[in-house]
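Enquirer: What follows is a structure written as structure tokens; I'll ask about it next.
Numbering (the numbering used here), first residue to last: 22 to 624.
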């Protein structure tokens, strides 16, 4: 009986297994709500941003580096993002957590920062090893899917570089030293930087792009000198890793500098750098065919940075050089950029073209990676004539009111620009000096005759005649610079005149001692002293102080007729090699509405 029950039990168990295995499968799929695509927890890519913050005099003078650190701490920083800042290069810091006696490293957090490393000695931020050690530290401490690098400080273009350390005689990183640092750390990183940014003046150059192209996908930089407040770091960091990142960086910068007329910022896609090289090749071809193209290109090509009759950065807008010679180009997939009113046509990348500074050509040859361009420049200077400009008539008046002059036919091919200096006998009753009160480029050319279109109008600051020079022209906007003292320190005031509104907007001032100076804001209570140059001196030193104003709401800058009196103007021609040639001098009497030439003399 027990055996029969056991057999029945086994048979029933087998039947249960068989019947269970023969069950029709359920082909419907029930997807839990938690697996909806919008709710999937996908880990975002990690991103480490390294900021090489060389405070220099931007920090010791006005705390601009500390202000940008404060902006960084206002950003909404996701947990997948690390922002590492290395500070140094300044003799003092406004931020009390940063020491000028050491090299500090901070991890930026929303609402604050944490010191993560302190090197107890000052490191030279102008040394490539300091940069490479910082990159190595950041990558090893905070490995990530993507990396970004920003160099913060002054910038001086292709030849002089960026990041000038005030503790080491303002030694800076040359482009070669930047390349050395990037090359020495590329294996540690194991990939290209997502971007390398240069929050500094004048660094959006073809040469800078060539240097970093092997190490980064994008370059962010400015063609022009920058306002001292720099980029918007709150929005930059908050938008790290987003598809709209580059547009966000540019737009936030434009919004931050909306009250300024002088600014540019570009994001350059380095994989498209061949588009710039194609333009350079065509420039070489055309100039080799006809040297007269140089003058046309330089005049239309927009030069950036500090300028004067015989002082310049030699950094010209590459796209505008091409346009001036009718060369077709398309930078739409190569560069996106934002510009102030004074640079509305700038195309986003500059090229070093030494119309002067021939002595720097050997230095530049070691920097530029484009051998054909270097060979072209050497040949260009090799054919420089002993005297490029020859007057056929240095100065005459056909109507008694305007001075005209003529050049030889051959000389016209060598003209870079023309203008005139204005001198005033009415500067000071006490000193009786003949003052130079600036330059203007209002000279017309018709049938080979250059004519000075002096109309007796100039710029005044609170009814005091202001020494000023044309700094930049753009459609209806003209930017002027004026040599002044700002709280006793030599500087140039920058202001923009709108031809449509007839209004003047002040951008700020740059320091005379620093060709890479950022543009500092003028604050209420600042003392502005008016300077005039001794027109009879060949030395650059003898400037005379003739009155002062305290900057405030009642300060008025305007263009008006000159005071009644005698004035001089002397036309000049600058050749394509940077040499200056002067025509005859006209002495005129201005009666408040019109001028009459009283005398024309040599020199």
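Virtual Cβ for every residue (Gly too), placed ideally from N, Cα, C.
If you follow the alpha helix (DSSP H) that residue 94 is in, where does it begin and where does it stop?
Expert: Run containing residue 94: 85–94, per the alpha helix (DSSP H) assignment.
Enquirer: Specify the secondary structure class of residue 326 as computed by DSSP and reduced to three states.
Expert: Residue state, collapsed to three classes: coil.
Enquirer: What are the partner residues of residue 135, as DSSP defines its beta bridges?
Expert: Its beta-bridge partners are 128.
Enquirer: If contacts are defined as beta-carbon pairs under 8 Å, then residue 214 and residue 170 qualify, I think. What distance do you get, rounded to the angstrom?
Expert: With 8 Å as the limit, residue 214 and residue 170 qualify as a contact, their Cβ atoms being about 5 Å apart.
Enquirer: Give the single residue among 346, 270, 623 whose Cα lies nearest to the Cα of residue 258.
Expert: That would be 270, whose Cα lies nearest to the Cα of residue 258.
Enquirer: Leaving aside the five residues before and after residue 409 along the sequence, list all residues of the same chain whose C-beta is less than 6 Å from its C-beta, in chain order.
Expert: The answer, listed in chain order, is 435, 596.
Enquirer: Ordered along the chain, which non-local residues of its own chain (more than five positions away) have a Cβ less than 7 Å from that of residue 207?
Expert: Closer than 7 Å at Cβ, skipping near neighbours: 236.
Enquirer: Based on the DSSP output, what are the partners of residue 208 in its beta bridges?
Expert: Residue 208 pairs with nothing; no bridge assigned.
Enquirer: Helix, strand or coil for residue 297 per DSSP?
Expert: Helix, per DSSP.
Enquirer: In angstroms with no decimal places, state the Cα-to-Cα distance between residue 496 and residue 362.
Expert: Rounded to whole angstroms, residue 496 to residue 362 spans 9 Å at the Cα level.
Enquirer: Between which two residues does the beta strand (DSSP E) holding residue 498 run?
Expert: Start and end: 498–507.
Enquirer: Within 10 angstroms of its Cβ, does residue 144 collect 16 or more other Cβ (buried), or is it exposed?
Expert: With 16 or more Cβ atoms within 10 Å of its Cβ, residue 144 is classed as buried.
Enquirer: What residue range does the beta strand (DSSP E) around residue 489 cover?
Expert: Looking at the DSSP string, residue 489 is not in any beta strand (DSSP E), and its letter there is neither H nor E.
Enquirer: What does a CB cutoff of less than 8 Å around residue 289 pick up in its chain, not counting 5 residues either side in sequence?
Expert: If we look at residue 289 and ignore the five residues flanking it on each side, its Cβ neighbours are 225, 230, 239, 240, 241, 242, 355, 356, 369, 370.
Enquirer: Taking the alpha carbon of residue 360 as the point to measure from, which residue in 415, 198, 274 has its own alpha carbon closest?
Expert: Measuring from the Cα of residue 360, the nearest candidate turns out to be 274.
Enquirer: Nearest to residue 550 by CA position, among 498, 488, 519, is which residue?
Expert: The shortest Cα separation from residue 550 among 498, 488, 519 belongs to 488.
Enquirer: Check whether the Cβ atoms of residue 250 and residue 277 lie closer than 9 Å to each other.
Expert: Yes, Cβ-Cβ distance for residue 250 and residue 277 is below 9 Å.
Enquirer: On the DSSP bridge list, what partners appear for residue 240?
Expert: Paired residues: 217, 289.
Enquirer: Just mark residue 693 as buried or exposed, buried being the case when its beta carbon has 16 or more other beta carbons within 10 Å.
Expert: Absent from the model: residue 693. The displayed extent of the chain is 22 to 624, so no value can be given.
Enquirer: Can you give the beta carbon distance from residue 173 to residue 102, rounded, assuming they're within the 8 Å contact cut?
Expert: Not quite, the Cβ-Cβ distance comes to about 18 Å (not below 8 Å), so this is no contact.
Enquirer: Does DSSP put residue 616 in a helix, a strand or coil?
Expert: Three-state DSSP puts residue 616 in a strand.
Enquirer: Indicate the three-state DSSP secondary structure (helix, strand or coil) for residue 595 in the structure shown.
Expert: Looking at residue 595 - three-state DSSP - the assignment turns out to be strand.
Enquirer: From residue 125 to residue 81, what distance separates their C-alpha atoms?
Expert: Near 16 Å, if we compare the C-alpha coordinates of residue 81 and residue 125.
Enquirer: Quick one: using the 10 Å Cβ neighbour count with 16 as the cut-off for buried, is residue 575 buried or exposed?
Expert: The residue is exposed, with fewer than 16 neighbouring Cβ atoms inside 10 Å.
Enquirer: Let me check understanding here. Comparing Cα to Cα, which of 95, 492, 458 lies closest to residue 479?
Expert: Per the Cα distances, 458.
Enquirer: Below 9 Å between beta carbons: does that hold for residue 318 and residue 336?
Expert: Their beta carbons are not under 9 Å apart, which means residue 318 does not touch residue 336 by this criterion.
Enquirer: Closest by CA to residue 662, which one among 396, 68, 530, 247?
Expert: No answer is possible for residue 662: the residues shown for the chain start at 22 and end at 624.
Enquirer: Where does residue 581 sit, in a helix, a strand or coil, going by DSSP?
Expert: It is a strand residue.
Enquirer: I'd like the list of long-range same chain contacts for residue 255, defined as Cβ closer than 6 Å, with 5 residues on each side in sequence excluded.
Expert: So the qualifying residues of the chain are 92, 95, 96.
Enquirer: Quick one: grab the DSSP three-state call for residue 180.
Expert: If DSSP states are grouped into helix, strand and coil, residue 180 belongs with the helices.
Enquirer: For residue 623, which residues from the same chain have a beta carbon less than 8 Å from its beta carbon, with the 5 sequence-adjacent residues on both sides left out?
Expert: Counting only Cβ-Cβ distances below 8 Å, and skipping sequence neighbours, we find 415, 605, 606.
Enquirer: Would residue 198 be called buried (16 or more neighbouring beta carbons within 10 Å of its own) or exposed?
Expert: Buried: at least 16 other Cβ atoms inside 10 Å.
Enquirer: In three-state terms, what does DSSP make of residue 389?
Expert: Here residue 389 sits in coil by DSSP.
Enquirer: What does the alpha-carbon distance come out to for the pair residue 63 and residue 168?
Expert: A caution first: residue 63 carries a pLDDT of 47, below 50, which makes its placement in the model too unreliable to give a value.
Enquirer: When the distance is taken between beta carbons, is residue 373 closer than 9 Å to residue 598?
Expert: Contact flag unset, no.
Enquirer: Please state whether DSSP places residue 113 in a helix, a strand or coil.
Expert: If DSSP states are grouped into helix, strand and coil, residue 113 belongs with coil.
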